[in-house]
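Residue numbers (my numbering): 3 to 88.
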């Protein structure tokens with residue numbers, strides 16, 4: 003069975019991390035994080051295993067569904083809408 007490509011991949015752009023030092027919102031709140039990078043705008047947010055889940059919130063409010071890991075040594079992407087690796 004062939005899985006069709008995620009339709010949200012068309013939103014992926016070359017981006018630069020807006021806050022490479024950590025999750026934008028968690029930096030303001032002094033909360034711990036595991037990082038994700040929005041591949042539409044460069045927003046750096048924390049993942050679902052972090053207390054605040056800012057990457058998912060950004061995906062939902064901004065309509066930017068695909069993020070990649072921003073952790074050292076990790077190179078994968080996930081679509082929040084389809085809950086799938088892309």
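Note that CB positions come from ideal geometry on N, CA and C, so glycine has one too.
Keep in mind the model is a prediction, meaning the values are calculated, not measured.
Supposed close pair residue i, residue j - CB separation, criterion 8 Å
i	j	result
residue 78	residue 52	Wrong, their Cβ atoms sit about 17 Å apart, outside the cutoff.
residue 17	residue 44	4 Å
residue 29	residue 69	Not really, about 17 Å apart at Cβ, beyond 8 Å.
Residue i: first and last residue of the uninterrupted alpha helix (DSSP H) it sits in
i	result
residue 30	26-31
residue 44	Counting along the chain, residue 44 falls outside any alpha helix (DSSP H), and DSSP gives it neither H nor E.
Span of the beta strand (DSSP E), counted from its first residue to its last, around residue i
i	result
residue 19	Where residue 19 is concerned, there is no enclosing beta strand (DSSP E), given that its DSSP letter is neither H nor E.
residue 58	Taken as a continuous stretch (DSSP letters only), residue 58 belongs to no beta strand (DSSP E), being part of the alpha helix (DSSP H) at 56-64.
residue 37	37-40
Exposure of residue i, with buried meaning 16 or more beta-carbon neighbours within 10 Å
i	result
residue 57	buried
residue 64	exposed
residue 37	buried
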